[in-house]
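**Q**
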Amino acid sequence: MPRLPSILAPLALVLLCTAALAEDPPAGNSDQAPTEGNEQPAEKPVERAPLDERSEEDAKALEQRLPLREQQRLGAGSEQFLALWRPANVAEPYGVVILLPGDGENADWPRAIAPLRTRLPDVGWHTLSLTLPDPAGDEPPPRPAGTSLPAASEGSTPAEPPKSESADPADPPPPTEQAGTTEPSADPPPPQPTAEERRKAQTERIAARIQAAVDFGRQQQATTVVLLGHGTGAWWAARFLTDNPSSGIENLVMVAADVPAGYEPPLEELATRLPQAVGDLYYQEVPAAAAAALKRLQASRRVKHLDYVQVPLANWSASRDAKQEQLLRRVRGWLDNHLGRAAPKNPVSGGATAPTPPITPPTPSI
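Numbering (our numbering), first residue to last: -12 to 353.
1. Who are the near neighbours of E255 in its chain, counting only those whose CB is closer than 6 angstroms to its CB and skipping five residues on each side?
2. With DSSP run on the structure shown, which of helix, strand or coil describes P102?
3. Can the beta-carbon of V246 be found less than 8 angstroms from the beta-carbon of P253?
4. DSSP three-state label for P334, please.
5. Label Q51 either buried or exposed according to how many other C-beta atoms from any shown protein chain fall within 10 Å of its C-beta, with 16 as the threshold for buried.
6. Quick check on DSSP: helix, strand or coil for N238?
7. Return the chain-ordered list of same chain residues with a C-beta closer than 8 angstroms to the C-beta of G220, the five sequence neighbours on each side being excluded.
8. Between E272 and V298, what straight-line distance do the alpha-carbon atoms span, to the nearest angstrom?
9. Is any non-hydrogen atom of the ligand GDP found closer than 7 angstroms to the C-beta of D90, if you look at the structure I gave you?
10. May I ask you to report which of helix, strand or coil DSSP gives Q189?
11. Count the other CB atoms within 10 Å of the CB of E57; is the residue buried (16 or more) or exposed (fewer)?
12. Quick one: give me the first and last residue of the beta strand (DSSP E) that E272 is part of.
13. Smallest Cα separation from F203: which of E251, V84, E66?
14. Using a Cβ distance threshold of 8 angstroms, determine whether the segment 97 to 114 contacts the segment 310 to 324, with at least three qualifying pairs required.
Structural data, given as structure tokens:
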């Protein structure tokens, strides 16, 4: 009997250790538990809503700042866009000038676009300034939501060859488990559009917006429609007229014209071959602009485009107001001189015309 306590003490210690081990499952079973009985699907990456284009964010900011009466939401295909409308401040308007801003600009851009859209109504013209989509040239498109590279690599980590080679060869993973881990990434991602496809889609989007603006102008009983593009907006206006010869638009004004990155043809091929009357306003003291304008002028002479008129703009003043005043007078001068000859049934009122600087006249057709 004296030996009984000495025997029971080790036995109790063994029983306690056995119970503790029974409560903790083996480390290997924790990895296999989800795949044997309670198979859980792999977590999918959280799909993030696509961000608005910068142009749409600018449009929302303009909606907060500008009067509601100026805002028009026009439909172009499956999307809507903001256009800013200003009716002419005369009893008998001459028509509507549709303003196309350049890359990175909005419908109320302080350089060229805003001064023209707010001041041309005082001299008899409706104005409709458009929101164009973000530039889409040769740059790669944004990665679609739900296809981020980190999420894809995490999902494929268990099936990577280096980890399977480092594992014990005696316990290879079951084929069903390997198939289950790779199932979420079995479907290949959708193919990304090529640069040419992106440019084509961009051209169609912008053409749809211009057409929606033209239709809106017609609804306002505008007998004359003028497309006025600033920067790359001039190229888009010329491209629209090239692709839509029966649009009924007979007038194009280009201000500081430029070509969007990755697009063809150049303006000396595109604008100078249009049947429409073209007013080409450029800053003559900017070397690159003057050289490009010279190419356009020479091209217009080769094809004998008699209604292609270049109007130089001086860049000497450091005052923005002086530059915008000069631009307004030059645009107004082209409209008065050209439409006064082309549309004698709807002449510009002489009392409403202020003196304008002389413009380069077209070659007389005799």
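For each residue, glycine too, the CB sits at the ideal point set by N, CA and C.
**A** According to the data block:
1. Reading the sequence shown from its first residue, position 268 is the one you call residue 255. The answer, listed in chain order, is K282, R283, A286.
2. Residue numbering aside, residue 102 sits at position 115 when the sequence shown is read from its first letter. In the structure shown, P102 sits in a helix (DSSP, three-state: H, G or I).
3. Reading the sequence shown from its first residue, position 259 is the one you call residue 246. Reading the sequence shown from its first residue, position 266 is the one you call residue 253. Against a cut-off of 8 angstroms, the Cβ pair of P253 and V246 comes out as a contact.
4. To locate residue 334, count along the sequence shown from 1; it is residue 347. Any reading at P334 must be qualified, since the residue scores a pLDDT of 40, below 50, and its modelled position is unreliable; the value itself is stated next. Note: P334 maps to coil in three-state DSSP.
5. If you number the sequence shown from 1, residue 51 lands on position 64. The residue in question, Q51, is exposed, as its Cβ has fewer than 16 Cβ neighbours within 10 Å.
6. Translated into positions along the sequence shown, residue 238 becomes position 251. It is a strand residue.
7. Residue mapping note: residue 220 aligns to position 233 of the sequence shown, counting from 1. So the list reads L86, L87, P88, G89, E92, L119, once near-sequence residues are dropped.
8. The sequence position of residue 272 within the sequence shown is 285, counting from 1. The sequence position of residue 298 within the sequence shown is 311, counting from 1. Straight-line Cα distance between these residues: approximately 13 angstroms.
9. This structure lacks the ligand GDP, and indeed carries no ligand of any kind.
10. Here residue 189 refers to the residue found at position 202 when the sequence shown is read from its first residue. In the structure shown, Q189 sits in a helix (DSSP, three-state: H, G or I).
11. As a working mapping, residue 57 is identified with position 70 in the sequence shown. Buried, since its Cβ has 16 or more Cβ neighbours within 10 Å.
12. Counted from its first residue, the sequence shown places residue 272 at position 285. Run containing E272: none; DSSP gives neither H nor E here.
13. As a first step, residue 203 is located in the sequence shown; it is residue number 216 there, counting from the start. When each option's Cα is compared against that of F203, the closest is V84.
14. yes
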